[in-house]
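Student: Please see the structure below; I have some questions.
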Amino acid sequence: MQRLILAILTCTISFSIHASDISKIFKKVDPAVVVITTKESFNIASKKGLKNINSGGLGSGVIISNDGLIMTASHVVASADEVTVTLKDGREFIAKIISVSTPADVALIGLIEPPDDLVSVQTGNSDNIDVGEEVFVIGSPYGLSHTLTVGHLSSRRIVDDERALMDMEFLQTDAAVNQGNSGGPVFNIDGKLIGIVSHIRTLSGGNEGLGFAASINMARKLLLEDSPFWLGAQFIPLQDELADAFNVPYHEGLLIQKVAKGSIAEELGLRAGTIPFGAGEHQLLIGGDIIVEVGSETVYTNRAGRQRIIDYIASIAPGDNLSITVIRAGKKLTLTAPKH
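Note that this note's numbering gives residue 431 to position 274 of the sequence shown, counting from 1, and the numbers run on in steps of one.
Set out below in structure tokens:
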């Protein structure tokens with residue numbers, strides 16, 4: 158009996174110390190976690206015709222530098238017309254979108270007028286965390302800001318997608334993740350940033366212990382090491398027979414669906430589709446521009462084609478003109494605007 162009581166006391170003391178450690182780390186990094194709200198207006202194709210929608214979005218993010226750089230998920234901000242960041246103390250700031258990687262679901266935004274007292278986190282090395290190690294997530298599930306959930310690294314998932322510039326790595330965790338957590342940080346037990354919450358797999362619509370986060374090593378390469386860029390246009394790829402159906406004199410093209418306000422796509426004068434069209438189970442908008450060239454590079458949506466376009470964009474100095482060639486109303490047209 159004495160041994161049992163001693164064992165219980167030992168476990169209780171160990172748990173209390175461990176919980177205290179997480180509490181201390183949480184208090185240290187939580188001020189760097191932000192709530193991101195977005196606004197956008199867009200047209201959608203419906204069976205009754207074209208419908209304009211005003212929409213708002215909610216997600217999370219984490220400050221990675223004292224000058225106001227914030228990592229989040231691309232699906233939180235990629236097509237937004239306005240992005241507002243709320244700090245833990247309630248202050249709100251307008252942010253601009255700097256770079257987006259849709260396949261990897263990561264994005265970099267920046268506060269336009271950052272305050273002098275921002276708290277930022279340190280990024281870790283996501284290669285150094287092993288399956289089974291403890292992790293924790295901070296975010297705004299269902300709008301409940303600065304919520305802490307704790308779990309473990311359950312697995313690593315490598316996704317080979319030709320649309321991406323590299324094989325994508327997602328960290329799987331059983332820490333509770335729900336709507337509103339998207340874009341929020343995943344930390345190791347030392348309080349180092351190791352991932353950006355991306356998505357969940359669920360049958361119920363809520364957390365079922367299958368959460369996924371873009372690894373910080375991948376996010377850092379795509380958003381910080383490679384040339385950051387955000388076009389600000391949603392598009393649908395047109396390939397082969399579909400390109401022929403739209404009379405595109407190229408093997409591929411990008412059919413514009415939406416242009417975000419304040420983006421370089423808007424400055425270029427890109428036009429989104431305005432005519433609802435049903436293609437099988439999908440509804441899309443036609444009549445907009447179809448991008449066929451970026452600079453002198455023909456559009457190809459495979460990895461090599463995307464890399465050539467990225468290299469072209471990286472070669473242009475800020476302030477110099479970026480050129481994009483489109484098919485508009487059956488005619489080839491080149492549009493230019495200064496690169497941000």
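Yeah, the Cβ is synthetic: ideal placement off N, Cα and C, and Gly gets one too.
Predicted, not measured: the structure shown is a model, and the values here were computed from it.
Have a look at Leu275, Pro271, Ser453, Val292 and flag the residue whose alpha-carbon is nearest the alpha-carbon of Gly281.
Tutor: As a working note, residue 281 is residue 124 in the sequence shown. It is Val292.
Student: What separation, rounded to the nearest whole angstrom, lies between the Cα atoms of Ile201 and Asn209?
Tutor: As a working note, residue 201 is residue 44 in the sequence shown. As a working note, residue 209 is residue 52 in the sequence shown. If I take the Cα positions, the gap works out to 6 Å.
Student: With 16 as the cutoff for other CB atoms within 10 Å, does Lys488 come out buried or exposed?
Tutor: Counting from one through the sequence shown, the residue named residue 488 turns up at place 331. The residue is exposed, with fewer than 16 neighbouring Cβ atoms inside 10 Å.
Student: Lys181 by DSSP, collapsed to three states: which one?
Tutor: The count along the sequence shown starts at 1 and reaches residue 181 at position 24. Lys181 falls in the helix class under three-state DSSP.
Student: In the structure shown, what three-state DSSP assignment does Ile165 receive?
Tutor: In the sequence shown, residue 165 corresponds to position 8, counting from 1. Below a pLDDT of 50, predicted positions are generally treated as unreliable, and Ile165, at 45, falls in that range; the measurement from the model is reported next regardless. The answer is helix: DSSP assigns Ile165 an H, G or I state.
Student: For the 8 Å Cβ check, are there 3 or more pairs between the stretch 350–358 and the stretch 369–377?
Tutor: In short, these stretches touch, since the Cβ pair count reaches three.
Student: With DSSP as the reference, please indicate the residues paired to Thr229 in a beta bridge.
Tutor: As a position in the sequence shown, residue 229 is number 72, starting the count at 1. Paired residues: Ala264.
Student: According to DSSP, simplified to helix, strand and coil, what is Ile421?
Tutor: Here residue 421 refers to the residue found at position 264 when the sequence shown is read from its first residue. Ile421 falls in the helix class under three-state DSSP.
Student: For the stretch 407–424 against the stretch 229–243, do three or more pairs of beta-carbon atoms, one drawn from each stretch, fall closer than 8 Å, so that the two count as touching?
Tutor: These segments touch.
Student: Give, in chain order, every unbroken run of the alpha helix (DSSP H) that is at least 4 residues long and sits entirely within the stretch 360–447.
Tutor: With a minimum length of 4 residues, the continuous alpha helix (DSSP H) runs that stay inside the stretch 360–447 are 373–377, 397–402, 421–425.
Student: Looking at the structure shown, is Arg485 part of a helix, part of a strand, or coil, going by DSSP?
Tutor: Position 328 of the sequence shown, counted from the start, is the residue given in the question as residue 485. It is a strand residue.
Student: In three-state DSSP terms, what is Gln329?
Tutor: For this step, residue 329 is matched to residue 172 along the sequence shown. Here Gln329 sits in strand by DSSP.
Student: Compute the distance between the beta-carbons of Val456 and Leu411, then report whether it is under 8 Å.
Tutor: Reading the sequence shown from its first residue, position 299 is the one you call residue 456. Reading the sequence shown from its first residue, position 254 is the one you call residue 411. Against a cut-off of 8 Å, the Cβ pair of Leu411 and Val456 comes out as a contact.
Student: Would you grab the beta carbon distance between His303 and Val234 for me? Rounded to a whole angstrom, and I think it's under 8 Å.
Tutor: Walking along the sequence shown from the start, residue 303 turns up at place 146. Walking along the sequence shown from the start, residue 234 turns up at place 77. Not really, about 20 Å apart at Cβ, beyond 8 Å.
Student: On the criterion of 16 or more Cβ atoms from any shown chain inside 10 Å, does Ser217 qualify as buried, or is it exposed?
Tutor: Translated into positions along the sequence shown, residue 217 becomes position 60. Its Cβ being crowded by 16 or more others within 10 Å, Ser217 is buried.
Student: Let's test the definition: count the other Cβ atoms within 10 Å of the Cβ of Arg316 and tell me whether it reaches 16, buried, or not, exposed.
Tutor: For the purposes of this step, residue 316 is taken as residue 159 along the sequence shown, with counting starting at 1. For the sequence presented, residue 316 should be read as Val rather than Arg. Exposed is the call here.
Student: Roughly how many whole angstroms lie between the Cα atoms of Ala261 and Asp178?
Tutor: One-based indexing of the sequence shown puts residue 261 at position 104. One-based indexing of the sequence shown puts residue 178 at position 21. Approximately 32 Å, taken between the alpha carbons.
Student: Count the CB pairs spanning the stretch 305–313 and the stretch 397–407 that are closer than 8 Å, and state whether there are at least three.
Tutor: Touching, no.
Student: Nearest by alpha-carbon distance to Ile373: which of Gly296, Gln414, Leu328 is it?
Tutor: Sequence index remark: in the sequence shown, residue 373 carries index 216 (1-based). Minimum Cα distance to Ile373 is reached at Leu328.
Student: For Asp284 and Ala332, what's the separation of their Cα atoms in angstroms?
Tutor: If you number the sequence shown from 1, residue 284 lands on position 127. If you number the sequence shown from 1, residue 332 lands on position 175. C-alpha separation (whole angstroms): 19 Å.
Student: Comparing alpha-carbon positions, which option in Asp446, Ile193, Ile467, Ile351 lies nearest His309?
Tutor: For this step, residue 309 is matched to residue 152 along the sequence shown. That would be Ile351, whose Cα lies nearest to the Cα of His309.
Student: Just the C-alpha distance for Leu207 and Ala429, rounded to the nearest angstrom, thanks.
Tutor: Here the question's residue 207 lines up with position 50 in the sequence shown. Here the question's residue 429 lines up with position 272 in the sequence shown. Rounded to whole angstroms, Leu207 to Ala429 spans 12 Å at the Cα level.
Student: What's the C-alpha gap between Thr458 and Met375?
Tutor: Sequence index remark: in the sequence shown, residue 458 carries index 301 (1-based). Sequence index remark: in the sequence shown, residue 375 carries index 218 (1-based). C-alpha separation (whole angstroms): 20 Å.
Student: In the DSSP assignment, find the unbroken alpha helix (DSSP H) run with Ser472 in it and report its ends.
Tutor: Residue numbering aside, residue 472 sits at position 315 when the sequence shown is read from its first letter. Residues 460–472.
Student: Report yes if the C-beta distance between Ile266 and Ile254 is below 8 Å; otherwise report no.
Tutor: As a position in the sequence shown, residue 266 is number 109, starting the count at 1. As a position in the sequence shown, residue 254 is number 97, starting the count at 1. Yes.
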